[in-house]
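Participant: Each residue of the sequence shown is one higher than the one before, starting from 1 at the first, in the numbering used here. We treat Cβ as the ideally placed atom computed from N, Cα and C, and that holds for glycine. One structure, pasted below without further comment.
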Amino acid sequence: MDLKFGLYQQQTLKLSMTQELKQAIELLQYSTQELTSFLEAKATENPLIQLENTNIKYIDIRNDGSKKSRSKVKERDDKQWIDQISQTSMSLQDYLFIQISLKTLSKDEKRTLTQLIYNLDANGYLTISLEEAARICGLTIEMADQCLKLIHNLEPAGVGARNLKECLLLQINRKADCPQIVKDIVVNYFNEFAEKKWKVISHELDVQMNEIQKAADYIKKLEPRPGSAYHKEQPQYIVPDLIVTIENDNIEVSLFQKHLPNVQFQKDYYTKMSAYKDQQVKHFLKEKTKDYQWIMKSLQQRNETLLKVGMAIIEKQFDFFLKGPAYLKPLTMKEVSQEIGIHESTVSRAVREKYIQTPFGTYELRYFFSAGLMKTTGEEEEQASAFQVKTMIANFIEKENKLKPLSDQLIVDKLKNHGIVVSRRTIAKYREQLKIPSSAKRKRYG
1 MDLKFGLYQQ
11 QTLKLSMTQE
21 LKQAIELLQY
31 STQELTSFLE
41 AKATENPLIQ
51 LENTNIKYID
61 IRNDGSKKSR
71 SKVKERDDKQ
81 WIDQISQTSM
91 SLQDYLFIQI
101 SLKTLSKDEK
111 RTLTQLIYNL
121 DANGYLTISL
131 EEAARICGLT
141 IEMADQCLKL
151 IHNLEPAGVG
161 ARNLKECLLL
171 QINRKADCPQ
181 IVKDIVVNYF
191 NEFAEKKWKV
201 ISHELDVQMN
211 EIQKAADYIK
221 KLEPRPGSAY
231 HKEQPQYIVP
241 DLIVTIENDN
251 IEVSLFQKHL
261 PNVQFQKDYY
271 TKMSAYKDQQ
281 VKHFLKEKTK
291 DYQWIMKSLQ
301 QRNETLLKVG
311 MAIIEKQFDF
321 FLKGPAYLKP
331 LTMKEVSQEI
341 GIHESTVSRA
351 VREKYIQTPF
361 GTYELRYFFS
371 AGLMKTTGEE
381 EEQASAFQVK
391 TMIANFIEKE
401 NKLKPLSDQL
411 IVDKLKNHGI
421 VVSRRTIAKY
431 REQLKIPSSA
441 KRKRYG
């Protein structure tokens, strides 16, 4: 094979993504917390950047379809948007230790009780076996069992249970007025009861179905998670990025940036440092000025993109914002990208972990991109939102006759009467997603 050497010219097209472009894309998809952390880090490394109060832009969408932009500068407000008050509450473990401190116990008992109590989960259930607890403490299983029984006699009733059945029994045994049928069901027919095989229980106990229904109502009043009252997580606040207000059928969407620091240029520092003739200082100022300008441009692009996406969502989901969640329509990111002239991936980044506050609650922007189902209205075909169908299913079941609950097929028929064609399998899937049991398990007997 002959090899030929020479210089050849070839024309190719290559897209090179600069570091600035990569950072601008990252800035767009930052959540509120991520953006705040990013700006704080930039202010630390760049002496020309100072973080101050915010500048909020507003855009009105009027019911005639016209748009009107305006801006409003927020004055500095020393009052924080959310005041979080630290509240201390007693933990389940602390409450149990207080109770056992009043008892006369041996060192082995105290050690075993401590081991058991620290192995209770947030609901008050024991997460360690008696064998393991005994092995860790170097004691017999009988001693561990005695200590567990001591915990079972503490408050709240049901604490220290190893499963739901034991938890309910611990509570039932403390109630003098508990009907015997309740005890019989929990002790001997707990699985059948949970699976709502009540006819089997009715036959075995020789009682009417309405008696089992009364027992079920009694059991529902028991606490399946006795430790939950002592396990309080710190509330997680969601700060909206966009706020929607409605006045006389006019929808106004605004950027909410009061929670974000505003980037200011340190002019005094720049003027002071510019007086130095050192070339390294001049190069430093040039680079940091360029960095500041890039941040300002990226923030402006981020805000404009977020507003455009929010406006497009409102225009596409106009009925939702006027009438509520039941009127949510199918919407894809591609539709929004075509509406405002940006790439679909840009829309995806813009809505990532962003929230919008509406008259009906605060929603993640991704919430408004819903899949569609076939809907027939006369000769026209359109798409019905999957969320809308779920809402209708929930409403049907809420209003149903509990003595004769709606089957999945009956729900299919009711939806068909509203012009929505959905299979029975889809109804079952949506019902499970809504955590609604089957009609057999929803049925009441008197």
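1. Taking the C-alpha atoms as reference points, what is the distance between Thr127 and Gln433?
2. Whole angstroms is fine: what's the gap from Lys461's alpha carbon to Ser31's?
3. My guess is that Tyr430 and Lys390 are in contact by the Cβ rule of under 8 angstroms, so how many angstroms apart are they, rounded?
4. Looking only at its own chain, which residues have a Cβ that is under 7 angstroms from the Cβ of Met273, when we skip the five neighbours before and after it?
5. Give the straight-line distance between the Cα atoms of Ile251 and Gly310, rounded to the nearest whole angstrom.
6. What are the partner residues of Met250, as DSSP defines its beta bridges?
7. For Lys443 and Pro405, which I take to be in contact (beta-carbon distance under 8 angstroms), what is that distance rounded to the nearest angstrom?
8. Tell me the DSSP secondary structure of Ala428 in three-state form.
9. From the DSSP output, in three-state form, read off Ile181 for me.
10. Taking all protein chains shown into account, do 16 or more other C-beta atoms lie within 10 angstroms of the C-beta of Gln171, making it buried, or fewer, making it exposed?
11. Is the CB-CB distance between Leu328 and Phe320 below 7 angstroms?
12. I need the DSSP call for Gln357, collapsed to helix, strand or coil.
13. Quick one: give me the first and last residue of the alpha helix (DSSP H) that Phe368 is part of.
14. Can you give the Cα-Cα distance for Cys178 and Pro156, rounded to whole angstroms?
15. Measuring CA to CA, which of Lys441, Tyr269 and Leu51 is closest to Leu39?
16. By DSSP's criteria, Glu166 is part of a beta bridge. Which residues make up the other side?
17. Compare the C-alpha of Tyr445 against each of His418, Arg174, Lys414 and Asp217 and name the closest.
18. Strictly by DSSP, which residues pair up with Gln264?
19. Whole angstroms are fine: how far does the CA of Tyr230 sit from the CA of Tyr292?
20. Which of helix, strand or coil does DSSP assign to Thr104?
21. What is the C-beta distance between Ile201 and Glu192, in whole angstroms, given that I count them as a contact (C-beta under 8 angstroms)?
22. Taking three-plus beta-carbon pairs below 8 angstroms as touching, is the region 128–135 in contact with the region 86–105?
23. Look up Glu364 in the DSSP assignment and give the residues it is bridged to.
24. Give the straight-line distance between the Cα atoms of Tyr270 and Ser298, rounded to the nearest whole angstrom.
25. Among Glu335, Arg302 and Glu304, which has the Cα closest to the Cα of Glu315?
26. Just to confirm, are Gln357 and Ile185 a CB contact at a threshold of 7 angstroms?
27. For Ile397, list the residues DSSP reports as bridge partners.
28. How about Lys196 and Lys441: do their beta carbons lie closer than 7 angstroms?
29. Sort Phe256, Thr426, His418 and Glu223 by Cα distance to Val239 and report the nearest one.
30. Where does Ile411 sit, in a helix, a strand or coil, going by DSSP?
31. With the cut-off set at 7 angstroms, would you say Cys147 and Leu116 are in Cβ contact?
32. Grab me the residues of Glu353's own chain with a C-beta within less than 6 angstroms of its C-beta, minus the 5 sequence neighbours each way, in chain order.
33. Does DSSP put Ser385 in a helix, a strand or coil?
34. Does Lys175 pass the burial test, meaning 16 or more other C-beta atoms within 10 Å, or should it be called exposed?
35. Once DSSP output is grouped into helix, strand and coil, what is the label at Ile436?
Facilitator: The structure says:
1. For the purposes of this step, residue 127 is identified with residue 127 of the sequence shown, where counting begins at 1. For the purposes of this step, residue 433 is identified with residue 433 of the sequence shown, where counting begins at 1. In a straight line, the C-alpha of Thr127 is about 28 angstroms away from that of Gln433.
2. Outside the modelled stretch of the chain, which goes from 1 to 446, sits residue 461, for which no answer is possible.
3. Looking up residue 430 in the sequence shown gives position 430. Looking up residue 390 in the sequence shown gives position 390. Yes, they are in contact, since the Cβ atoms of Tyr430 and Lys390 sit about 5 angstroms apart, within 8 angstroms.
4. Locating residue 273 in the sequence shown gives position 273, counting from the first residue. Once the five neighbours on either side are set aside, the close Cβ partners of Met273 are Val281 and Leu285.
5. Against the sequence shown, residue 251 aligns to sequence position 251. Against the sequence shown, residue 310 aligns to sequence position 310. Whole-angstrom Cα-Cα distance: 12 angstroms.
6. Counted from its first residue, the sequence shown places residue 250 at position 250. Just to set this straight, residue 250 is Asn in the shown sequence, not Met. DSSP output for Asn250 lists Glu247 as bridge partner(s).
7. Here the question's residue 443 lines up with position 443 in the sequence shown. Here the question's residue 405 lines up with position 405 in the sequence shown. That pair is a contact at about 5 angstroms.
8. Looking up residue 428 in the sequence shown gives position 428. Note: Ala428 maps to helix in three-state DSSP.
9. Position 181 of the sequence shown, counted from the start, is the residue given in the question as residue 181. Ile181 falls in the helix class under three-state DSSP.
10. By one-based count along the sequence shown, residue 171 stands at place 171. When all chains shown are included, Gln171 counts as buried.
11. Looking up residue 328 in the sequence shown gives position 328. Looking up residue 320 in the sequence shown gives position 320. Less than 7 angstroms separates the beta-carbon of Leu328 from that of Phe320.
12. As a working mapping, residue 357 is identified with position 357 in the sequence shown. Strand.
13. Along the sequence shown, one-based indexing puts residue 368 at 368. Phe368 -> no alpha helix (DSSP H), and no H or E assigned at all.
14. Position 178 of the sequence shown, counted from the start, is the residue given in the question as residue 178. Position 156 of the sequence shown, counted from the start, is the residue given in the question as residue 156. Computed Cα separation, rounded: 18 angstroms.
15. Against the sequence shown, residue 39 aligns to sequence position 39. Leu39 has its Cα closest to that of Leu51, out of Lys441, Tyr269 and Leu51.
16. Here residue 166 refers to the residue found at position 166 of the sequence shown. Answer is none; Glu166 lacks a bridge partner.
17. In the sequence shown, residue 445 corresponds to position 445, counting from 1. When each option's Cα is compared against that of Tyr445, the closest is Asp217.
18. Your numbering for residue 264 matches position 264 in the sequence shown. DSSP, once it has assigned bridges, lists Gln50 as partnering Gln264.
19. Residue numbering aside, residue 292 sits at position 292 when the sequence shown is read from its first letter. Residue numbering aside, residue 230 sits at position 230 when the sequence shown is read from its first letter. Each residue's Cα considered, the two are about 49 angstroms apart.
20. One-based indexing of the sequence shown puts residue 104 at position 104. Reduced to three states, the DSSP call for Thr104 is coil.
21. For the purposes of this step, residue 201 is taken as residue 201 along the sequence shown, with counting starting at 1. For the purposes of this step, residue 192 is taken as residue 192 along the sequence shown, with counting starting at 1. Correct: roughly 6 angstroms between the Cβ atoms.
22. Short answer: they don't touch.
23. Within the sequence shown, numbered from 1, the residue matching residue 364 stands at position 364. Answer is Tyr355, bridged to Glu364.
24. Here residue 270 corresponds to residue number 270 of the sequence shown, with the count starting at 1. Here residue 298 corresponds to residue number 298 of the sequence shown, with the count starting at 1. For Tyr270 and Ser298, the distance between alpha carbons rounds to 22 angstroms.
25. The count along the sequence shown starts at 1 and reaches residue 315 at position 315. The residue with the shortest Cα to Cα distance from Glu315 is Glu335.
26. As a position in the sequence shown, residue 357 is number 357, starting the count at 1. As a position in the sequence shown, residue 185 is number 185, starting the count at 1. For Gln357 and Ile185, no; Cβs fall outside 7 angstroms.
27. Mapped onto the sequence shown, residue 397 falls at position 397. None; Ile397 has no bridge partner.
28. In the sequence shown, residue 196 corresponds to position 196, counting from 1. In the sequence shown, residue 441 corresponds to position 441, counting from 1. In contact: Lys196 and Lys441 (Cβ atoms closer than 7 angstroms).
29. Along the sequence shown, one-based indexing puts residue 239 at 239. Closest by C-alpha distance to Val239, out of Phe256, Thr426, His418 and Glu223, is Phe256.
30. Taking the first residue of the sequence shown as 1, we reach residue 411 at position 411. If DSSP states are grouped into helix, strand and coil, Ile411 belongs with the helices.
31. For the purposes of this step, residue 147 is taken as residue 147 along the sequence shown, with counting starting at 1. For the purposes of this step, residue 116 is taken as residue 116 along the sequence shown, with counting starting at 1. Contact: yes.
32. Working through the sequence shown from its first residue, we reach residue 353 at position 353. Here the set comprises Ser31.
33. Counted from its first residue, the sequence shown places residue 385 at position 385. Of the three classes helix, strand and coil, the one that applies to Ser385 here is strand, per DSSP.
34. By 1-based counting over the sequence shown, the position of residue 175 is 175. Counting Cβ neighbours within 10 Å, Lys175 comes out exposed, since fewer than 16 surround it.
35. Locating residue 436 in the sequence shown gives position 436, counting from the first residue. Residue state, collapsed to three classes: coil.
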